[in-house]
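Reviewing the structure listed below.
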């Protein structure tokens, strides 16, 4: 699907994806790819099909699958995009769903494949297993290592508080799929877990850590600045009830002593000049109600909840034309915004990016957030 200054290359197959034949790529009507910094990322490819030759008498060639069986569920799809002569892996996912909508008009039937990032393969088998004498980071490392066939490279951050219990104390137990358990451990520390394509085809980065608010920003987003404008639409929301402090008590399971738990500030890197947690006239307070914890563990858990509460005080959503923007936004990365005024200009953390591609058109819709208003930047590197 050539798109002016960009070009898409599609690899597809069961074990080792290989270049898709022209009959497949020429039938593509649209491609949508969604990347998120938490939860599921996925894709959808829409094909226009029809039975126009004698060989299609029984079924369309794409639905028959032909000898390659390219579009079968659980086949792997890799999409590489070359933008301004620079190749970037846009998608590495697994087909999980088919939909067919036949039409009375020749060539107007629609066949759609839907899938998720390769992390879906970590979510197929529920398990009940123990992880003796391992801390959370090492557990995640071991689980990710089991999926090396999908090119997973672990990028992990050690939590502020490390719990490596002796077998005589307790044994961490996993009840659920590998993916669900990794996400549970991430949530415990205020972390995110996501999988994104690496720098080369077939490689994927499995990130487990805090939102990377210090990442190198993508090309700046510019609004209402004449010929420099690259943002078509943008909208902002301010949730004054999001930021939360936590107070309470816990009975330390080792000493049996009652200890106070109080977390009233965030450890996230600040992206705004006026964080809601420290500048609002009123802040929500939540009681700490967890039991059977060490006091230091309770404090770390409370800190994680406070950190997560400030992540989406400010939410900005909008759309760019990729040929005008000439770059790709990265979910789990950062980007600078200019042209909307002091209150909402500045750096943001990118939570979600949706790529919408069809012949002659490539849009990126984005969702980005931070903890308050007011830019911290005096200038933006263009």
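Residue numbers (my numbering): 178 to 559.
Here a beta-carbon is modelled for each residue, glycine too, at the ideal position from N, C-alpha and C.
Because the structure is a prediction, the values reported are computed rather than measured.
Practice task
Quick one: measure Cβ to Cβ for residue 246 and residue 306, integer angstroms, because I've assumed they're closer than 8 Å.
Solution key: Translated into the one-based positions of the chain shown, residue 246 becomes position 69. Translated into the one-based positions of the chain shown, residue 306 becomes position 129. The Cβ separation is near 34 Å, so there is no contact.
Exercise for the section: Please determine, among 374, 302, 512, the residue with the shortest C-alpha to C-alpha distance to residue 331. Expected result: Translated into the one-based positions of the chain shown, residue 331 becomes position 154. Answer by Cα proximity: 374.
Exercise for the section: Could you check if residue 573 is buried or exposed, using at least 16 other CB atoms within 10 Å of its CB as the buried criterion? Expected result: Residue 573 lies beyond the range of the chain shown here (178 to 559); nothing can be said about it.
Problem - the region 281 to 292 / the region 212 to 227 touching (three or more Cβ pairs under 8 Å) - result: yes
Exercise for the section: Examine the Cβ distances between the region 394 to 401 and the region 498 to 513 and report whether three or more of them are shorter than 8 Å. Expected result: yes
Handout entry: With 16 other Cβ atoms within 10 Å as the buried cut-off, status of residue 405
Key = Locating residue 405 in the chain shown gives position 228, where the first residue counts as 1. Answer is exposed; the Cβ neighbour count stays below 16.
Handout entry: 3-residue-minimum beta strand (DSSP E) runs that sit fully inside the region 438 to 495, ordered along the chain
Key = 461 to 465
Exercise for the section: Spell out the partners DSSP gives residue 543 in its beta bridges. Expected result: The residue given as residue 543 occupies position 366 in the chain shown. Its beta-bridge partners are 495, 530.
Exercise for the section: Let me know the secondary structure DSSP gives residue 204 once reduced to three states. Expected result: Counting from one through the chain shown, the residue named residue 204 turns up at place 27. Coil, per DSSP.
Handout entry: Any beta strand (DSSP E) of 3 or more consecutive residues that is wholly inside the region 238 to 292
Key = 253 to 260, 263 to 278
Exercise for the section: Can you grab the Cα-Cα spacing for the pair residue 276 / residue 534, in whole Å? Expected result: Translated into positions along the chain shown, residue 276 becomes position 99. Translated into positions along the chain shown, residue 534 becomes position 357. Roughly 19 Å between the two C-alpha positions.
Exercise for the section: Name the one or two DSSP bridge partners that residue 305 has. Expected result: By one-based count along the chain shown, residue 305 stands at place 128. Paired residues: 352.
Handout entry: Whole-angstrom distance between residue 315 and residue 556, CA atom to CA atom
Key = Residue 556 sits at position 379 when you count from the first residue of the chain shown. Residue 315 sits at position 138 when you count from the first residue of the chain shown. For residue 556 and residue 315, the distance between alpha carbons rounds to 41 Å.
Practice task
Determine the closest residue to residue 298 out of 282, 324, 285, 311, with distance taken between C-alpha atoms.
Solution key: Translated into positions along the chain shown, residue 298 becomes position 121. Taking only the C-alpha atoms, the option nearest residue 298 is 324.
Problem - Unbroken alpha helix (DSSP H) run spanning residue 313, endpoints - result: Along the chain shown, read from residue 1 onward, the residue named residue 313 stands at position 136. Start and end: 313 to 322.
Practice task
Output the boundary residues of the beta strand (DSSP E) element that contains residue 513.
Solution key: Working through the chain shown from its first residue, we reach residue 513 at position 336. 511 to 515 is the span of the beta strand (DSSP E), which, as asked, contains residue 513.
Practice task
Could you check what DSSP says for residue 193 in three-state terms: helix, strand or coil?
Solution key: For the purposes of this step, residue 193 is identified with residue 16 of the chain shown, where counting begins at 1. It is coil, neither helix nor strand.
Problem - One or two residues paired with residue 374 in a DSSP bridge - result: For the purposes of this step, residue 374 is taken as residue 197 along the chain shown, with counting starting at 1. DSSP, once it has assigned bridges, lists 381 as partnering residue 374.
Handout entry: C-beta atoms of residue 490 and residue 389 nearer than 8 Å
Key = Residue numbering aside, residue 490 sits at position 313 when the chain shown is read from its first letter. Residue numbering aside, residue 389 sits at position 212 when the chain shown is read from its first letter. Going by C-beta atoms, residue 490 is not nearer than 8 Å to residue 389.
Exercise for the section: Pull up the distance between the alpha-carbon of residue 413 and that of residue 547, whole angstroms please. Expected result: Locating residue 413 in the chain shown gives position 236, counting from the first residue. Locating residue 547 in the chain shown gives position 370, counting from the first residue. Taking the straight line joining both Cα atoms gives about 11 Å.
Practice task
Just mark residue 559 as buried or exposed, buried being the case when its beta carbon has 16 or more other beta carbons within 10 Å.
Solution key: As a working mapping, residue 559 is identified with position 382 in the chain shown. Exposed.
Exercise for the section: Could you have a look at residue 412 and say whether DSSP puts it in helix, strand or coil? Expected result: For this step, residue 412 is matched to residue 235 along the chain shown. Looking at residue 412 - three-state DSSP - the assignment turns out to be strand.
Practice task
Could you please give the first and the last residue of the uninterrupted beta strand (DSSP E) stretch that includes residue 225?
Solution key: To locate residue 225, count along the chain shown from 1; it is residue 48. Looking at the DSSP string, the run of the beta strand (DSSP E) that includes residue 225 is 219 to 226.
Practice task
Compare the Cα-Cα distances from residue 227 to each of 205, 448, 212 and report the closest residue.
Solution key: By one-based count along the chain shown, residue 227 stands at place 50. With distances taken between Cα atoms, residue 227 lies closest to 205.
Problem - Contact with chain D by residue 353, beta-carbon distance below 8 Å - result: Going by chain labels, chain D is absent from the structure shown, which holds only one protein chain.
Practice task
Please name the residue or residues paired with residue 427 in a DSSP beta bridge.
Solution key: Position 250 of the chain shown, counted from the first residue, corresponds to residue 427. Bridge partners of residue 427: 436.
Exercise for the section: Return the CA-CA distance between residue 304 and residue 320, expressed in angstroms with no decimal places. Expected result: Looking up residue 304 in the chain shown gives position 127. Looking up residue 320 in the chain shown gives position 143. Cα to Cα, the separation comes out at about 12 Å.
Exercise for the section: Sort 354, 253, 207, 201 by Cα distance to residue 531 and report the nearest one. Expected result: Along the chain shown, one-based indexing puts residue 531 at 354. Of 354, 253, 207, 201, the residue nearest in Cα terms is 207.
Handout entry: Per-residue DSSP class, three states only, for residue 390
Key = To locate residue 390, count along the chain shown from 1; it is residue 213. Three-state DSSP puts residue 390 in coil, outside helix and strand.
Exercise for the section: Count the other C-beta atoms from every protein chain shown that fall within 10 angstroms of the C-beta of residue 541, then say buried if there are 16 or more, exposed otherwise. Expected result: What you label residue 541 is simply residue 364 of the chain shown in a count that begins at 1. Residue 541 is buried by the Cβ-count criterion.
Handout entry: Sheet register partners of residue 212 (DSSP bridge)
Key = On the chain shown, position 35 is the one that residue 212 refers to. DSSP lists 530 as partners of residue 212.
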